[in-house]
Every structure is written in C-alpha cells, then in structure tokens.
Amino acid sequence: MRWRTLVSAADLADQIDAPDVAVVDCRFDLRDPAAGERAYAAGHLPRAVYASLDRDLADLSKQGRGRHPLPEADAFCAVLGRWGISPEHRVVAYDARDGAYAARLWWMLRLMGHDSVAVLDGGFDAWLRHGGAVERQIPRPRPAQYKARFNARAVATTAVVAARLASGNGVLIDARAAERFRGDAEPIDRVAGHIPGALNRPYTANLHDDGTFRPADELAGEFRALLDASPVGEAVLMCGSGVTACHNLLAMDHAGLRGARVYPGSWSEWISDPARPVARG
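So the sequence shown is numbered by the UniProt record's numbering: it starts at 1 and just counts up by one.
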C-alpha cells in the first residue's frame, strides 16, 4: 500500500512494522523550539526518528530568506540518510495533532520526487486514541543513501510572487490566522499585514475539531471557490515562513487539486525588504 497524502492511525498500525515503512516525528512549537524534542523523548511512535523544523527541515543560516529557509538539497539528503530513509521507503510524518509541521516534511520529500509519503491524520493524538504503541527508546537506524534534487519549478520565489502582484494573474493563498493576515496582531514577525491581493485561507479550516482532515470533497469545493477561474498550477501558497502553507498544499492534494506551488520564504521573507508593499485589513 502506497500513501500519498494522509494515512489513518488504523492503517499505519497495520503496516508500521513493515521494513519499508519509516516514521518521522515532526512535533515542534515555534514559541518553544525544544518542546517537540522533549515530547519525542517522553514517548513516540515505534521506530520513529525525530525531525526538528529548525535543524533538519530548514537552514537558519540563510539571511533574508524568511524564518525557515529551505535547506540545500544535499544537506536534506544527508539528514534523510542519517534517518535511514531511502527513496524506496514509505514515509509517514506526524506531529502533535493538526499536521502543520508534518506537512513541511511531506512537501520537502514530494519536492524530491518521493511519492510514497503521507501525514498521519490527526497526529500523535489520533495514534493514542487508536491505542497505538508508544516507546521511549531512541532508534539507531542503519544509514542510507539518498540522492535527489528539489524540483525548483514547484517552488515559488519572491520574484514570482512580485510578478504575480504586478500582473494580477494567479491566486496567492495565505494560511495564517485571520488576525495575523489582517494585521490586527503579529506575535512573530516584525511587520503586520499581508501581501496585497492575497486571499486568506487559515490552515485550520482544513480540519475537524479533533485535528483530522475534513472530507476531500468539502475541501475541493472550498479551494475551487478560492481559485475561481484560475488553474491550480497558477496558485501560490504562503504563510509566515513556509510551514502551514504546506498544510494547504496537502489539503489541496488530498482533494485532488494538484500543481500549486509553495512560497517557502512567505511573509517573513517578503517583509525583509521594506520597499515591498504591505496591505492591512
């Protein structure tokens, strides 16, 4: 069984002992970057390795590229190899509940052409509700070789976003909470507001109250309404730093709407140049 978007706790429990299944714990907290690793040490899915958003899924040394710049492909391949993941593995990413951080890993693997990767629907909470096993032992996977490149055509740059803004073509969808999008509050970045012309679709709108994804047909209808007459391939997804934008991409893929691009620098890269326009309200 190949997984491309979401996998339920029940389905993962049936397959978790298979030698080609690799599980990655992506729990994280922007306000307390060490919290996820502490949670992992306290208990995680069997054989799961830990992925830090700051250390493994981003390159914080890149200046002016937002809070969580995409790492170089070679660096990410080295991380995958350290985790014992090869291109032949079926990878399942999970986080605490809603899939926001797990979706970042899902997107990065898909950028490398890794098709068999999914997010655990409902995260660690769903696994516990299912009665899944939890362990504290830190695995020592056998190192693997992973050689691939990111598909640059599937990534939106600031230049692409600026060109869209100038031409009025395509749709820019922002996954941040409504109050941040409007500029009423900005707890993280130094400038409040949004890119002019962007549409707001908080990633939490993709979810049930328990953190699992809503039905694909409902999501498809809502995203089609946002796209209006624009092709899916003309859509650019953003957020604060290229994390929850991946959640909207996952929701669209789950709904059968494939081809949108993520802007990894997102709002935090856009505002790094004070000359770029900002809208509020």
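Note that beta-carbon positions come from the ideal geometry of N, C-alpha and C, so glycine has one too.
Practice item. Have a look at Leu57, Gly281 and Asp14 and flag the residue whose alpha-carbon is nearest the alpha-carbon of Gly183. Key: Looking only at Leu57, Gly281 and Asp14, the smallest Cα-Cα distance to Gly183 is reached by Gly281.
Review point. Helix, strand or coil: how does DSSP classify His68 here?
Key: coil
Check your understanding: Near Asp56, what residues of its chain come up, given a Cβ to Cβ distance below 7 Å and the 5 sequence neighbours on each side ignored?
Key -> Val79
**Study point:** Stretch pair the region 215-232 + the region 53-73: three plus CB contacts closer than 8 Å
**Key:** no
Point to revise | Entirely enclosed alpha helix (DSSP H) segments - the UniProt domain "Rhodanese" (17-136), minimum 4 residues | key: 35-42, 73-82, 100-111 and 123-130
Review point. So what's Phe150 in DSSP terms, helix, strand or just coil?
Key: coil
Check your understanding: Excluding five sequence neighbours on each side, which residues of the same chain lie with their C-beta closer than 7 Å to the C-beta of Gly197?
Key -> Leu165 and Leu172
Review point. So the beta strand (DSSP E) Leu172 belongs to, where does it begin and stop?
Key: Val171 to Asp174
Check your understanding: Which term fits Arg104, buried or exposed, when burial requires 16 or more other beta carbons within 10 angstroms of its beta carbon?
Key -> buried
Exercise for review: Could you please give the first and the last residue of the uninterrupted beta strand (DSSP E) stretch that includes Ala225?
Suggested key: Segment Ala216 to Leu227 is the alpha helix (DSSP H) holding Ala225; no beta strand (DSSP E) there.
Exercise for review: Tell whether a beta-carbon distance below 7 Å holds between Val24 and Val49.
Suggested key: yes
Check your understanding: What residues in its chain sit with their C-beta under 6 Å from that of Arg2, if we drop five residues either side in the sequence?
Key -> Ser116
Review point. Taking just the CA atoms, how far does Thr158 sit from Ala192?
Key: 18 Å
Exercise for review: Compare the C-alpha of Asn248 against each of Ser268, Trp270, Arg224 and Glu269 and name the closest.
Suggested key: Comparing alpha carbon positions, the residue from Ser268, Trp270, Arg224 and Glu269 closest to Asn248 is Arg224.
Review point. Hey, quick one: how far does the alpha helix (DSSP H) through Leu257 stretch, first residue to last?
Key: Unbroken run through Leu257: none, as it is neither H nor E.
Exercise for review: From the DSSP output, in three-state form, read off Gly178 for me.
Suggested key: With the sequence shown as reference, residue 178 is identified as Ala, and Gly is not the correct amino acid for it. DSSP places Ala178 in helix when its eight states are reduced to three.
**Study point:** Cβ-Cβ separation, Ala102 to Leu120 (assumed contact under 8 Å), whole Å
**Key:** 7 Å
Practice item. Report the residue from Gly221, Cys77 and His44 whose alpha carbon sits nearest the alpha carbon of Ala148. Key: Cys77
Check your understanding: Candidates Gln137, His130 and Gly123: which alpha carbon is nearest Asp14's?
Key -> Selected option, being the one with the closest Cα: His130.
**Study point:** Unbroken beta strand (DSSP E) run spanning Val236, endpoints
**Key:** Ala235 to Met238
**Study point:** N-terminal and C-terminal residue of the alpha helix (DSSP H) that Asp184 is part of
**Key:** Run containing Asp184: none; DSSP gives neither H nor E here.
Check your understanding: Could you give the C-beta distance for Thr5 and His254, rounded to a whole number, given that I count them as a contact under 8 Å?
Key -> Right, the Cβ-Cβ distance comes to about 4 Å (below 8 Å), so this counts as a contact.
Point to revise | Where Ala156 sits in the DSSP three-state scheme | key: coil
**Study point:** 8 Å contact criterion, which Gly132 and Leu45 should meet: CB distance rounded
**Key:** 7 Å
Review point. Shortest alpha-carbon distance to Phe150 belongs to which of Ala279, Leu109 and Ala275?
Key: Considering only Ala279, Leu109 and Ala275, the residue with the shortest C-alpha distance to Phe150 is Leu109.
Practice item. Report the rounded CA-to-CA distance for Ala251 versus Pro274, giving the unit in angstroms. Key: Distance between the alpha carbons of Ala251 and Pro274 is about 32 Å.
Review point. With C-beta atoms as the reference, is Tyr203 less than 7 Å away from Ala178?
Key: no
**Study point:** Cys239 to Ala10 span [Cα, whole Å]
**Key:** 31 Å
Check your understanding: Secondary structure at Val161, three-state DSSP: helix, strand or coil?
Key -> When secondary structure is reduced to three states using DSSP, Val161 falls in the helix class.
**Study point:** Cross-strand partners of Leu199 (DSSP beta bridge)
**Key:** Ile173
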